[in-house]
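Taking it in order: structure first as structure tokens, then the write-up.
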Ligand code: IVH
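Numbering (this note's numbering), first residue to last: 30 to 693.
This is the structure:
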């Protein structure tokens, strides 16, 4: 509570005294709400200097101070339909009679000013100050063009006090700032500050040059007795020549809500800025009966617009596992209304973001949401960090499948190693597994695969080979007859006879594409040696970098992955081992080729198969280990690299001639 008080006081000073707000209104309101909630929860701890019960800033020393006849109080806030319902319910219950009419006004974003007219002549203008005592700014207010200085028909009213808002319309504000830029002078942050800065001038000539306007919203002394409602008081102000806040009448909560939603939609078209609307009990006698609670009327409330940035507490961080196994930190928040929507989760993206924000669990964070944008944390309020804040740590086990989690060095994203086993990743793993270039199970086209997954007939890729046990069930599914089921099962059966590179590729190990799978098969000859391979050995394989080597190593250290592999083998998936001895006698044994560009006579895959059959290794990238580069049309960077490294380059014609000669 002390930390919030210190912070609010600092922001109050910046806003009211310096006319230079340090945070947005939404952030300010959010902090204020936090303090208010604590004060309600712990009334015995309410501090004497709590800014909750003071209004505005201290009066400025240069101006004459004037005590208000009637204190200038503030308004309570509601932020959503439920809050509004609560406000209406309390007012109705307190009165014991239903309130028939509410008057609604726009909440103008300027400065509250009290005006005094003596026998119909303007005599004094005073700022709100601290609510009890304000500053005399008569000299400046007198220069406001839309302010009537004499009120026709009010000669008999000894003292008339009118309150309202002095503001700077948007167009005037833009023009003023443009002129300031041209003159190399400082600009104002927003129209409200420009209005405040203009009224705090000692020299009235400056205020006179500023495009200010006054809008009335209440008569606090001298209202003719026959006027019994707020709406007729507003109409009377209009008759006297005042501009007033636009106003309307509503009878129910839903009518107020509908008006509010409409104001939000039309707000940007208004000539001045507003930060909400004000709901008032229309009957002035009822207003009197309701009275005030501390500094706020019970007969009126501000219905604020949803702020786009609001502070709240980060209570925990959970980790969400994506389809590709990446772990994303999701912040759990104390629910807040941001931009009209209740937000209780927010993505923290990755560790880079967490470090950038320097955020800990327990921190107060500013949550931002503009339009349809996903809410995000825009910053941490460091001054409010609790002593028991905890750092955000990466879990060691996947929250979905309990497999080990790794954070590769130099990467921002952590991953679950449970590839084939992790249910968060299974759908993706399944689609990859049956792909044409992997296990090539054509008959199990994408849509059925997903359907079976959703029906929980298939969980891991190994379950594909158990589908035949559900044959009868499958035949009863709409769109699947006996014939298509047996075709599907035949395709599955056929896929059991595969090649080692295809199988390795099908496992979907991160970073292991087709050519890496091939390099692995060529290097190790069979699956078991790959599963047992030391990290250094994996790193030494052509075409495999450190990150991929690590991911292969991790994949085969996750028990669950091994279980799935074993289930696949047990189901009868098999291949001919590519024993190293098999290739030793072949004509291109010991050579490592790379293929690039477009070939005319055949596809690159076919060329690759031919080279493999002749005993060559085929790698995806040119390195010092490359023996020859087969370069087709439009060869690019690989050709450049080969030339630089002095690797021999073979044209397609030369390649075809070689095949002729070697009988490939
Ligand atoms: S009525 C007892 N009506 O909002 C206070 N206030 O947060 C009755 N404001 O100090 C105030 N437009 O500066 C009222 N149509 C409106 C208003 C309005 C803007 C400002 C005013 C007031 C503050 C309260």
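We put the CB at the ideal spot given by N, CA and C, even for glycine.
For a quick check, are the C-beta atoms of residue i and residue j less than 9 Å apart?
i	j	result
residue 525	residue 600	yes
residue 266	residue 273	yes
residue 218	residue 50	yes
residue 337	residue 280	no
residue 107	residue 331	yes
residue 138	residue 221	yes
residue 48	residue 229	yes
residue 532	residue 556	yes
residue 436	residue 380	yes
residue 356	residue 427	yes
residue 535	residue 468	yes
residue 655	residue 628	no
residue 668	residue 625	yes
residue 456	residue 352	yes
residue 424	residue 389	no
residue 59	residue 180	no
Quick one: measure Cβ to Cβ for residue i and residue j, integer angstroms, because I've assumed they're closer than 8 Å.
i	j	result
residue 370	residue 360	Incorrect: roughly 16 Å between the Cβ atoms, too far for contact.
residue 242	residue 166	The pair is not a contact, with the Cβ atoms about 15 Å apart (cut-off 8 Å).
residue 278	residue 260	6 Å
residue 460	residue 478	7 Å
residue 354	residue 448	6 Å
residue 596	residue 491	4 Å
residue 197	residue 237	About 13 Å separates the two Cβ atoms, so there is no contact after all.
residue 358	residue 348	6 Å
residue 618	residue 649	Contact doesn't hold; Cβ gap of about 20 Å is too wide.
residue 188	residue 147	6 Å
residue 652	residue 571	7 Å
residue 593	residue 432	The pair is not a contact, with the Cβ atoms about 11 Å apart (cut-off 8 Å).
Could you please give me the residues that DSSP links to residue i through a beta bridge?
i	result
residue 331	106, 307
residue 321	326
residue 739	Since the first residue shown for the chain is 30 and the last is 693, residue 739 is missing from the structure and cannot be characterised.
residue 624	659
residue 358	348
residue 561	According to DSSP, which records beta bridges pairwise, residue 561 is partnered with nothing at all.
residue 445	434
residue 677	657
residue 279	131
residue 340	395
residue 171	Residue 171 is not bridged to any residue.
residue 79	According to DSSP, residue 79 bridges with nothing at all.
Distance check for residue j and residue i, CA to CA, integer angstroms please.
i	j	result
residue 45	residue 226	10 Å
residue 284	residue 133	10 Å
residue 308	residue 101	17 Å
residue 78	residue 176	37 Å
residue 111	residue 121	15 Å
residue 318	residue 129	15 Å
residue 413	residue 31	10 Å
residue 372	residue 393	14 Å
residue 610	residue 422	Here residue 610 scores only 43 on pLDDT, less than 50, and its place in the model should not be relied on; the value that follows carries that caveat. Cα to Cα, residue 610 sits roughly 49 Å from residue 422.
residue 605	residue 527	8 Å
residue 38	residue 63	14 Å
residue 256	residue 406	50 Å
residue 333	residue 35	24 Å
residue 194	residue 300	15 Å
residue 602	residue 591	14 Å
residue 411	residue 43	18 Å
residue 682	residue 640	15 Å
residue 205	residue 302	16 Å
residue 136	residue 305	5 Å
residue 465	residue 497	21 Å
residue 184	residue 263	19 Å
residue 233	residue 171	9 Å
residue 157	residue 364	34 Å
residue 704	residue 540	Examination of residue 704 is not possible in this model, given that the chain is present from 30 through 693 alone.
residue 713	residue 246	A question about residue 713 goes unanswered here, because the residues of the chain that appear run from 30 up to 693.
residue 164	residue 97	10 Å
residue 509	residue 383	49 Å
residue 385	residue 375	16 Å
residue 368	residue 105	19 Å
Verify the contact flag: residue i, CB atom, against every heavy atom of the ligand NAP, threshold strictly below 8 Å.
i	result
residue 246	What this structure holds is the ligand IVH, not the ligand NAP.
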